[in-house]
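According to my numbering, the residues represented by the sequence shown are -14 to 761, in order. Yeah, the Cβ is synthetic: ideal placement off N, Cα and C, and Gly gets one too.
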Amino acid sequence: MLRAVTSLAVLISIPAAARAATINEVRSIAPAVLTGERSDDDRSPQERMLSDDILARHRAANARELALWRNVKSRSDWERFRDERIAALRKSLGEFPDPPSDLRVRTMGAIDGDGFRIENIVFESRPGLLVTANLYLPAKPGKSLPGILICHSHHRPKTQGELQDMGMNWARQGCAVLVMDQLGHGERRAHPFASASDFPREFAVSRQDYHFRYNTGIQLHVVGESLIGWMVWDLRRGVDLLSSRGDVDEKRIILLGAVAGGGDPAAVAAALDPRIACVAPFNFGEGAGRPTDDAADAEAEIDFFGGGSWESTRNLRNSVRDGFAPWVIVAAPAPRPFVFAHEFALTPGKEAAGARLRRVYGKFYDRPEHVAQVVGLGNVRLRPPEATHCTNIGPVHRAQIHPAFEKWFDIPDPRPEFQSRVEESRLLCLKGEEAKGMERTPLHVVAARLADERAETFGRQFQRSDGSPAFLPGLWSAALGDVEPAANPKLESRGTEASGNVAVERLVLHVERGIRVPALLLKPKALAHEKLPAVVAVAQSGKGAFLRERADAIAALLDAGVAVCLPDLRGTGETAPGPDRGRTSSASSLSSSEMMLGQTLVGSRLKDLRTLLAALRRRDDIDGERIALWGDSFAKINSPDRNVRVPRDVPTMPAESEPLGHLLVLLCGLYDADVKAFASARGGLTSYRSLLESEFLYLPHDAQIPGAIPAGDLEILVYASTPLRLSGLVNGRNQRATENEARAAYDFGLRDGVTHAQDAEPDAQLAAWIVAELNR
């Protein structure tokens, strides 16, 4: 072993037999630091750490909001409480453009029926973004029609039978009924899999519109937008369309949100748009959980925010942090008429949000008659007839809506309902000769154009900074959440052992309440008491993967007298909540929950890393002025000939990237000027902009950073993270980035101290570069 890092030549001169011995010693190290009993769900305490922490913070937010709600005693109190939260909701959705002066409405065809007429129309809700819709009208329209806008579910688009039933019946009763394809659905789908013939193997054809919301949600988040924000924007343009008709009564525009994904955007749209006279958002607003009869404080047991999942329209970013729980959103339109609608049954007296809603309408506005409740039978686990499942809004639910609409808006009750459904293909808009010249711009292309506009805006701001972008840390903190290192962290040593000539110290970093970061600190045994330079190596797979996969590089560093620290940042390595990283995994749910709390998992892990660096610098055996960062990935990479254009959730999905190590290397450079060198060895993402090059992307939910592109994307971070060595970058489809792609993303020619290799870095070269930089 060497006593100190002296020169690259010495590193290279280590005898092969000695190096092989060190490699074997590294590989034989057991990675686990934390131990604990398995719980009833067969998870250890460390595997539950992340979920326990998030749950505790959710509960604290519920308690905070409950205390504030209990201080709401009057209408003015309520409106102040409401307005603060709806303003935060509005901010969370993204940047709404100016409403278009011309929707460019075009009628593509019409169907005449018994007492009604259907017009297949197309309009433009924002430049390049077409909306396909069916407009149901009375056969003989009057002069002042109620307008009804229906937001369909994620199950089926505008052509589905229940939607036809509603359109025809209300049109026959003198209403104008607009049913639009939601963004990413029907003729606006964000994928090419419209039928079973579009892919050679079996897949869930009817679920692809829904599943691809995962891709679209991430794409819009990194642009600084949100999927629900864009859906709400479309609904408000639907209100524009109805209002612009001379035969629609602007004071009688009603919005219905269907079960399963229609109620969410409908509720938000009504909270933001006072032109909506009444809203009926299904399955949105009620709290999670049910109190027991003997609960001392039943209301305190309800989770009014709900937990996170990959469905970004249901789990709104910043909602827990800023207090805009679903019940606040549904109560916000008060005292406008409101239909509190549920697909299944509710337990009488236990519907917590309903009680709050009735208090707002009854006590603060003296309009209890403006609330109607619609309920079904059973629950989601039962089958008909015990449960009233429906695809959009079923006949059982409509029967309860009709009397309310008759009372509030003079819309005659159509029961017994008329039914004369037409072939769904007749309700399509973009077909035949009429559709020529109306090619639909894919959603990811529209998002990419917006991303480029925002990148240009950032570029101008950066240029005005005269090369001293002091605004960058604040800009990225707004995207990441809290990234500041813990003030007084405890770095607990759990003992030192030897693996041959390698000294192994097991450490636990206590970052904050409940969050522990297990780590290994490896040193040459002969230099165990010397002050050594160090490398901190991070990856999603954690320290165990480094010991298995990168023992050669670790051995080379140790043989050169460099200490190597391998931490498992929260939710990685041995603290990972589980092995699955896909769309429906617990990892995605926890990431979504963090975003509801105003945080990101990338930001939380950056906080852990910065805290660890601060703790290491306080140790007598670490040279705090010579610490390097090494980010890596052990995920499979999709080969260039791998078909990545596949339906979501087929059995053999393309591999997802794991760019966490790369992200942390770049981000840490922005916040920590004392790091000596930065290395991203493989699997790093070229840019978040690369996620917009296709409707297909392969990135874990917790690797997204909302607003990354308007903050300068990963390219801007290179300014701070030098000297930097990059290799083995991947694009948004998790395929090896070409040299041109890498250079376009990072503009290497303009940066000193940045080197790049297209292929993954060989261990010897990586170690040699790190040693040279630590010695520089």
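Shown here, residue 510 sits in a helix according to DSSP, grouped into three states. Counting only runs of 4 or more residues that sit fully inside the region 309 to 371, the alpha helix (DSSP H) segments are 311 to 316 and 337 to 344, in chain order. The three-state reading of DSSP puts residue 678 in coil, since its state is none of H, G, I, E or B. Contact annotation, residue 690 with residue 547: C-beta distance approximately 31 Å; criterion of less than 8 Å not satisfied. In terms of Cα proximity to residue 200, the closest of 708, 755, 676 and 707 is 676. The alpha-carbon of residue 497 is positioned some 22 Å away from that of residue 646. Apart from sequence neighbours up to five positions away, the residues of its chain that approach residue 338 with a beta-carbon distance below 6 Å are 270, 271, 272 and 312, ordered along the chain. Just so you know, the alpha carbons of residue 572 and residue 428 end up roughly 26 Å apart. Of 720, 718 and 741, the smallest CA-CA separation from residue 728 is found for 741.
The alpha-carbon of residue 168 is positioned some 44 Å away from that of residue 708. Taking each of 642, 354, 749 and 206 in turn and checking the Cα distance to residue 541, the smallest one comes out for 749. Shown here for residue 206: same chain residues with a beta carbon closer than 6 Å to its own, the five before and five after excluded, namely 689 and 691 in chain order. Judged by DSSP in its simplified three-state form, residue 731 adopts helix.
Relative to the Cα of residue 574, the nearest Cα in the group 302, 478, 559 and 131 belongs to 302. Residue burial is scored here from C-beta neighbours: residue 576 has at least 16 other C-beta atoms within 10 angstroms and is therefore classed as buried. Leaving aside the five residues that flank residue 716 on each side, the residues in its chain whose CB is nearer than 8 Å to its CB run, in chain order, 670, 671, 675, 678, 722 and 726. Cβ contact annotation for residue 607 (same chain, cutoff 6 Å, sequence separation greater than five): 519 and 601, in chain order.
Looking at the DSSP output, residue 490 sits in a beta bridge with 481 and 506.
Selection 204, 81, 47 and 581 evaluated against residue 289 yields 47 as nearest (Cα-Cα). For the 8 Å CB-CB criterion, residue 668 and residue 620 form a contact. For residue 300, the number of other beta carbons within 10 angstroms of its own is at least 16, and it is reported as buried.
For residue 616, there is no enclosing alpha helix (DSSP H); the residue is part of the beta strand (DSSP E) that begins and ends at 607 to 616. Closest by C-alpha distance to residue 8, out of 356, 150, 320 and 539, is 539.
Our two residues, residue 93 and residue 354, have alpha carbons roughly 41 Å apart in a direct line.
Residue pairing from DSSP places residue 91 in a beta bridge opposite 107. One thing to note: residue 349 has its Cβ within 8 Å of the Cβ of residue 59. Counting C-beta atoms within 10 angstroms of its own C-beta, residue 365 has fewer than 16 neighbours from the protein chains shown and is therefore classed as exposed. Counted as a single uninterrupted DSSP element, the stretch harbouring residue 43 is not any beta strand (DSSP E) but the alpha helix (DSSP H) occupying residues 30 to 55. Here residue 495 is bridged, per DSSP, to 475 and 501. Contact check for residue 240 and residue 251: beta-carbon distance about 5 Å, within the 8 Å limit, so the pair qualifies. Residue environment: residue 418 is assigned as exposed (fewer than 16 neighbouring CB atoms within 10 Å of its CB, all protein chains considered). Counting only residues of its own chain and dropping the five nearest sequence neighbours on each side, residue 195 has a CB closer than 6 Å to the CB of 139. Looking at the DSSP output, residue 263 bridges to 239. By the Cβ-count criterion, residue 455 is exposed, with fewer than 16 other Cβ atoms from all chains shown falling within 10 Å of its own Cβ. At a Cβ-Cβ threshold of 8 Å, residue 268 and residue 253 do not count as neighbours.
Looking at the backbone, the Cα of residue 556 and that of residue 579 are separated by about 12 Å.
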